[in-house]
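Peer 1: Quick one: structure below, then a few questions.
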Amino acid sequence: MDASIETRDLTKCFGDFTAVAGVDLSVASGEVLVLLGPNGAGKTTTTRMLASILPPTSGEARVAGFDVVTQASEVRRRIGLLTEHHGLYTRMRAGEYLAFFGAMYGLASVESHRRGQELLEQIGMPDVSRRRLGEFSKGMRQKLALVRALLHDPPVLLLDEPTSAMDPASARLVRDAILQLRSSRRTLVVTTHN
0 MDASIETRDL TKCFGDFTAV AGVDLSVASG EVLVLLGPNG AGKTTTTRML
50 ASILPPTSGE ARVAGFDVVT QASEVRRRIG LLTEHHGLYT RMRAGEYLAF
100 FGAMYGLASV ESHRRGQELL EQIGMPDVSR RRLGEFSKGM RQKLALVRAL
150 LHDPPVLLLD EPTSAMDPAS ARLVRDAILQ LRSSRRTLVV TTHN
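Every letter in the sequence shown is one number past the one before it in numbering that gives the first Met the number 0, and letter 107, counting from 1, is 106.
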């Protein structure tokens, strides 16, 4: 498998229920793949398998050249993941939150701060570093979670419903930012139901 993301017969069952059946994908570096479908179509389950969070029942998947089951930690180092439930720590300030995840990603403090500020400006929230996350609207929380997913500049971005809970103007900002993130080396997978 040479693609940035490649799956063969990727399947996930929960008991007798098949959530994802036989997905074959090949996504090259720099491509944007949109998984479009109604709620319950298996988009989030597919994303979780690609992120090495949920093991497939059968089939195989490779992300950034690594097997999602046997090389899960390597996959996780190379992805940025935005899920519908991002688990923000509401008592932290935005700057502290990004510094925490920057350290988790292995970024130097100065680099983490610089990159965080750059991304906050790009997403339209340049002055929130000192605000507590509990004060953020749902849309602001979603945008901060997107910044967190991008902080370590991953080659693969998995964005599960990135504009959910956002007003139309904020959603447009996020969509524009996602398009700007596309590069010759970055692969984007975006799930949406609309």
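Think of the CB as a built atom: it goes at the ideal place given N, C-alpha and C, for glycine as much as any other residue.
Could you say which of Asp152, Val31, Glu83 lies nearest to asparagine 38 if we only look at CA atoms?
Peer 2: Walking along the sequence shown from the start, residue 38 turns up at place 39. Ranking the options by Cα distance to asparagine 38, first place goes to Glu83.
Peer 1: Which class does leucine 158 belong to by DSSP, given the choice of helix, strand or coil?
Peer 2: One-based indexing of the sequence shown puts residue 158 at position 159. If DSSP states are grouped into helix, strand and coil, leucine 158 belongs with the strands.
Peer 1: Between aspartate 15 and leucine 157, what straight-line distance do the alpha-carbon atoms span, to the nearest angstrom?
Peer 2: Reading the sequence shown from its first residue, position 16 is the one you call residue 15. Reading the sequence shown from its first residue, position 158 is the one you call residue 157. C-alpha separation (whole angstroms): 27 Å.
Peer 1: Taking contact to mean 3 or more Cβ pairs, one atom from each stretch, closer than 8 Å, check whether the stretch 125–143 and the stretch 22–29 are in contact.
Peer 2: Judged by Cβ distances under 8 Å, the stretch 125–143 makes no contact with the stretch 22–29, as fewer than three pairs qualify.
Peer 1: Count the other CB atoms within 10 Å of the CB of aspartate 159; is the residue buried (16 or more) or exposed (fewer)?
Peer 2: Sequence index remark: in the sequence shown, residue 159 carries index 160 (1-based). Buried.
Peer 1: Suppose the cutoff is 6 Å on Cβ atoms and the five residues either side in sequence are ignored; what does the same chain contact list for valine 189 look like?
Peer 2: Mapped onto the sequence shown, residue 189 falls at position 190. Closer than 6 Å at Cβ, skipping near neighbours: Val33, Leu158.
Peer 1: Please report the residue range of the alpha helix (DSSP H) in which leucine 34 lies.
Peer 2: Indexing the sequence shown from 1 puts residue 34 at position 35. Looking at the DSSP string, leucine 34 is not in any alpha helix (DSSP H); the run it does join, the beta strand (DSSP E), is 31–35.
Peer 1: Could you tell me which of Arg61, Ala148, His85 sits nearest to isoleucine 4, measuring between CA atoms?
Peer 2: Taking the sequence shown and counting its residues from 1, one reaches residue 4 at position 5. Answer by Cα proximity: Arg61.
Peer 1: Relative to the C-alpha of alanine 144, which residue among Ala98, Ser57, Gly58, Gly41 is closest?
Peer 2: As a working note, residue 144 is residue 145 in the sequence shown. Comparing Cα positions, the closest option is Ala98.
Peer 1: Of the choices Val109, Thr191, Leu9, Leu118, whose alpha-carbon is the least far from that of glycine 58?
Peer 2: To locate residue 58, count along the sequence shown from 1; it is residue 59. It is Leu9.
Peer 1: What residues match up with threonine 17 in a beta bridge as DSSP calls it?
Peer 2: As a working note, residue 17 is residue 18 in the sequence shown. Answer by DSSP bridge pairing, in chain order: Cys12.
Peer 1: Straight-line CA distance for methionine 139 to methionine 165?
Peer 2: Position 140 of the sequence shown, counted from the start, is the residue given in the question as residue 139. Position 166 of the sequence shown, counted from the start, is the residue given in the question as residue 165. If I take the Cα positions, the gap works out to 8 Å.
Peer 1: Should phenylalanine 13 be labelled buried (16 or more other beta-carbon atoms within 10 Å of its own) or exposed?
Peer 2: On the sequence shown, residue 13 is found 14 positions in, with the first residue counted as 1. Its Cβ having fewer than 16 others within 10 Å, phenylalanine 13 is exposed.
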